[in-house]
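Numbering (our numbering), first residue to last: 228 to 292.
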Amino acid sequence: MTNKILIDDLWAKLFALHIGCKCPNKRVKEKFINFILSNMDDGDHLTEESVFSQFPEFINYLAEY
């Protein structure tokens, strides 16, 4: 599974099962995917935990606009 597909799946899971509301629009999801990928170092392995743990940082990142 590619990293983008994994992050996309985890994005849906995060909102459906953990937050309990519908996902934001596609533009926000794409920003999240790019945020996660840009924070990866060479050799990093994406896991559910590693993606979910970056969600609060992503919210703070969005607030900087």
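C-beta: ideal position from N, C-alpha, C; glycine also.
The structure displayed is predicted, hence computed values, not measured ones.
Label V173 either buried or exposed according to how many other C-beta atoms from any shown protein chain fall within 10 Å of its C-beta, with 16 as the threshold for buried.
Not covered by the structure: residue 173. The range shown for the chain is 228 to 292.
Can you check which of these residues, R254, E276, G247, is closest to L195 by C-alpha distance?
The structure shown has nothing for residue 195, since the chain only spans 228 to 292.
Put H245 into one of helix, strand or coil per three-state DSSP.
Here residue 245 is taken as the residue at index 18 of the sequence shown, counted from 1. It is helical.
Rounded to a whole number of angstroms, what is the C-alpha to C-alpha distance between H272 and F285?
Position 45 of the sequence shown, counted from the start, is the residue given in the question as residue 272. Position 58 of the sequence shown, counted from the start, is the residue given in the question as residue 285. Going from the Cα of H272 to the Cα of F285 covers about 19 Å.
Using three-state DSSP, classify L273 as helix, strand or coil.
Here residue 273 refers to the residue found at position 46 when the sequence shown is read from its first residue. L273: coil per DSSP, three-state reduction.
Hey, out of N230, D235, D268, N266, whose CA is closest to N252's CA?
Position 25 of the sequence shown, counted from the start, is the residue given in the question as residue 252. For the residues N230, D235, D268, N266, the minimum Cα distance to N252 belongs to D235.
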